[in-house]
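Numbering (my numbering), first residue to last: 5 to 644.
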């Protein structure tokens with residue numbers, strides 16, 4: 005039970021995903037409860053108010069502006085931005101070529117709006133969904149008034165859900181993130197213990213360990229960013245940041261030992277596994293007081309010293325209380341600027357400056373062409389549901405900045421739709437005519453879609469398709485043939501989107517990868533020079549930490565840039581890219597040890613004896629060469 009709870013907590017730092025899912029489900033329930041009876045009272049079909057329900061869900065879950073004031077402004081803009089395309093759709097409802105042409109225009113504008121950051125992204129998506137549901141519900145001029153009212157009501161419900169019921173708690177966010185960091189650290193140690201004791205070290209165990217280490221580093225960086233954003237800079241806050249750094253380094257050192265101990269006899273591996281389990285108990289606060297566990301004499305001296313170094317830090321470091329806001333903020337800026345966002349909301353920020361055309365404009369052109377072709381290809385398949393092909397093509401370009409990301413988006417859309425059709429058929433047949441059960445599962449699917457969206461787009465589409473099947477079931481229009489048609493149209497749209505991304509103004513991932521690799525190598529070279537300079541011992545602790553975190557953030561950006569071509573769950577899997585990501589992680593890890601050796605712990609016997617400085621410098625050099633070799637091989641590969 006504790007392990008399962010840690011998994012849930014660690015996967016959602018700050019409970020941000022839970023809040024997004026809860027807001028979406030709450031908005032869906034409230035908007036349905038208000039708008040469906042309103043439609044029935046006016047003797048209209050419930051499909052007319054679907055736009056208001058969907059806009060309410062999207063506004064409640066997708067407004068990500070940095071400040072509450074900006075979020076409120078975005079929410080107020082949501083209503084007119086969604087109503088305008090519904091009006092366009094209703095006016096063009098009986099003119100096939102006109103509504104298709106207007107749809108392409110809406111798609112172009114919605115995609116181009118991403119250049120304006122989170123606000124432009126969500127408003128563009130709402131505009132697209134408004135036009136889409138005007139076609140879905142066949143909104144005519146007579147239905148426009150009710151559809152507009154439904155959007156206004158939906159936005160009002162979303163506003164209440166976000167700012168009154170499921171509110172963000174900035175004052176608690178850092179504490180919640182610390183809880184998640186602690187859970188992730190404990191889970192990683194549990195996994196390392198199992199790996200140490202396993203009879204055979206299969207590749208997937210090593211891969212999962214590396215991914216878990218990367219996520220731990222991401223969590224540590226997020227903690228520092230949040231503390232900085234809340235102006236929690238003081239001497240106590242600096243010490244807290246160093247404690248987080250030390251704990252992260254200690255856990256990575258345990259992983260280093262576990263990787264090396266795989267070549268040792270089974271008895272040594274079991275002993276190390278037991279020691280790692282004890283360290284996990286220390287992280288959870290259940291360890292007995294006393295010295296940290298140390299591997300037996302059968303373990304080689306270098307590994308024993310590294311494990312002792314890690315154990316002493318884990319036993320003596322407790323950064324589980326967030327620093328209080330500082331009365332006097334330290335003026336030194338220590339957070340590296342330009343950290344890439346996983347959402348990729350502004351493609352202009354993530355693209356190479358040498359492009360002749362703005363990335364936001366390029367993506368908008370690609371999306372418009374792809375949706376136009378999807379209309380042509382989807383209409384012969386179904387003259388009533390051709391717009392499913394359009395949405396399949398449109399989403400290929402959401403949150404993508406290059407060809408590899410677009411292809412990966414198309415692949416996940418296809419996988420999610422296939423899984424959603426299968427699950428939707430099973431759930432709809434199991435529910436039958438039980439309308440209350442269908443509604444409950446529908447709202448649960450809405451929660452699941454937005455709860456899982458940041459983790460996996462494919463899983464989000466699984467739940468969206470399941471919710472669509474349940475919606476048809478409650479409306480009395482469900483059939484397995486209808487879900488099969490959705491799958492067919494989605495395949496057409498996603499395939500067209502992938503082809504357009506590859507052939508029309510293509511931007512290969514190579515440019516982004518090369519730029520991120522160059523940034524990482526430059527940051528590493530500067531950090532090594534600063535930490536090995538004659539005056540390095542005089543550097544204050546915060547300055548040493550700054551060098552480590554600059555390299556960490558550069559490695560994080562490199563990992564995000566290469567993910568579409570190394571993630572084993574995606575179709576573009578190229579093993580050497582995964583090797584380069586491993587090298588980037590090794591580079592950051594070795595540099596963190598270099599920082600530790602130059603810090604206060606350098607005089608500690610365990611820290612000094614863990615490994616000589618020459619070992620970490622050699623590992624840094626090897627990692628830099630590995631990254632350079634991969635990037636050069638990538639430049640010679642015409643497929644990329």
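Even glycine gets a Cβ: it sits at the ideal position worked out from N, Cα and C. Remember, predicted model here, so these are calculated numbers, not experimental data.
So residue i and residue j are in contact, right, with Cβ under 8 Å, and what is the actual spacing, rounded?
{"i": "residue 141", "j": "residue 45", "result": "About 17 Å separates the two Cβ atoms, so there is no contact after all."}
{"i": "residue 559", "j": "residue 582", "result": "Not a contact, Cβ separation roughly 14 Å."}
{"i": "residue 224", "j": "residue 231", "result": "That belief does not hold up - the Cβ atoms of residue 224 and residue 231 are roughly 11 Å apart, past 8 Å."}
{"i": "residue 395", "j": "residue 284", "result": "The pair is not a contact, with the Cβ atoms about 45 Å apart (cut-off 8 Å)."}
{"i": "residue 568", "j": "residue 409", "result": "5 Å"}
{"i": "residue 602", "j": "residue 519", "result": "Wrong, their Cβ atoms sit about 29 Å apart, outside the cutoff."}
{"i": "residue 286", "j": "residue 172", "result": "At roughly 32 Å, the Cβ-Cβ gap does not stay under 8 Å, so residue 286 and residue 172 are not in contact."}
{"i": "residue 517", "j": "residue 566", "result": "6 Å"}
{"i": "residue 63", "j": "residue 156", "result": "11 Å between Cβ atoms; not a contact."}
{"i": "residue 367", "j": "residue 115", "result": "5 Å"}
{"i": "residue 249", "j": "residue 552", "result": "7 Å"}
{"i": "residue 244", "j": "residue 327", "result": "5 Å"}
{"i": "residue 523", "j": "residue 561", "result": "7 Å"}
Do the CB positions of residue i and residue j come within less than 8 Å of each other?
{"i": "residue 494", "j": "residue 418", "result": "yes"}
{"i": "residue 7", "j": "residue 279", "result": "no"}
{"i": "residue 31", "j": "residue 151", "result": "no"}
{"i": "residue 372", "j": "residue 428", "result": "no"}
{"i": "residue 130", "j": "residue 85", "result": "yes"}
{"i": "residue 138", "j": "residue 217", "result": "no"}
{"i": "residue 251", "j": "residue 321", "result": "yes"}
{"i": "residue 364", "j": "residue 119", "result": "yes"}
{"i": "residue 477", "j": "residue 442", "result": "yes"}
{"i": "residue 421", "j": "residue 465", "result": "yes"}
{"i": "residue 563", "j": "residue 585", "result": "yes"}
{"i": "residue 272", "j": "residue 253", "result": "no"}
{"i": "residue 94", "j": "residue 147", "result": "yes"}
{"i": "residue 181", "j": "residue 246", "result": "no"}
{"i": "residue 467", "j": "residue 483", "result": "no"}
{"i": "residue 108", "j": "residue 375", "result": "yes"}
Where does residue i land, buried or exposed, given buried means 16+ other C-beta within 10 angstroms?
{"i": "residue 206", "result": "exposed"}
{"i": "residue 542", "result": "exposed"}
{"i": "residue 37", "result": "exposed"}
{"i": "residue 605", "result": "The predicted position of residue 605 is uncertain, since its pLDDT is 47 and thus under 50; no value can be drawn from it."}
{"i": "residue 636", "result": "exposed"}
{"i": "residue 5", "result": "exposed"}
{"i": "residue 333", "result": "Confidence in residue 333 is poor, its pLDDT being 39 and thus under 50, which makes the residue's placement unreliable; the coordinate value appears in the next sentence. Under this definition residue 333 is an exposed residue."}
{"i": "residue 480", "result": "exposed"}
{"i": "residue 208", "result": "exposed"}
{"i": "residue 380", "result": "exposed"}
{"i": "residue 649", "result": "The structure shown does not extend to residue 649, since the chain spans only 5 to 644, so no value can be given for it."}
{"i": "residue 382", "result": "buried"}
{"i": "residue 73", "result": "exposed"}
{"i": "residue 176", "result": "exposed"}
{"i": "residue 424", "result": "buried"}
{"i": "residue 310", "result": "buried"}
{"i": "residue 125", "result": "buried"}
{"i": "residue 10", "result": "buried"}
{"i": "residue 432", "result": "buried"}
{"i": "residue 19", "result": "buried"}
{"i": "residue 629", "result": "exposed"}
Might you give, ordered along the chain, the residues of its own chain that have their beta carbon closer than 6 Å to the beta carbon of residue i, omitting 5 neighbours on each side?
{"i": "residue 51", "result": "141"}
{"i": "residue 184", "result": "13, 14 and 17"}
{"i": "residue 646", "result": "Because the chain spans 5 through 644 in this model, residue 646 falls outside it and cannot be assessed."}
{"i": "residue 669", "result": "This structure cannot speak to residue 669, because the chain is shown only from 5 to 644."}
{"i": "residue 594", "result": "620, 623 and 624"}
{"i": "residue 627", "result": "587, 590 and 591"}
{"i": "residue 694", "result": "What the structure shows of the chain is the stretch from 5 to 644, and residue 694 is not part of that stretch, so it cannot be assessed."}
{"i": "residue 653", "result": "Residue 653 cannot be examined here, being either before or after the span of the chain that is shown, 5 to 644."}
{"i": "residue 106", "result": "92 and 96"}
{"i": "residue 87", "result": "152 and 155"}
Can you give me the Cβ contacts of residue i inside the same chain, cut-off strictly under 7 Å, excluding the 5 residues immediately before and after it?
{"i": "residue 288", "result": "190"}
{"i": "residue 399", "result": "413 and 417"}
{"i": "residue 264", "result": "307"}
{"i": "residue 58", "result": "133 and 137"}
{"i": "residue 370", "result": "401, 504, 505, 508 and 509"}
{"i": "residue 406", "result": "511, 512, 513 and 516"}
{"i": "residue 159", "result": "59, 60, 63, 79, 82 and 83"}
{"i": "residue 350", "result": "118, 119 and 121"}
{"i": "residue 201", "result": "273, 274 and 277"}
{"i": "residue 323", "result": "244, 247, 248 and 251"}
Among residues of its own chain, excluding the 5 on either side of residue i, which ones have a beta-carbon nearer than 8 Å to its beta-carbon?
{"i": "residue 49", "result": "43 and 141"}
{"i": "residue 488", "result": "425"}
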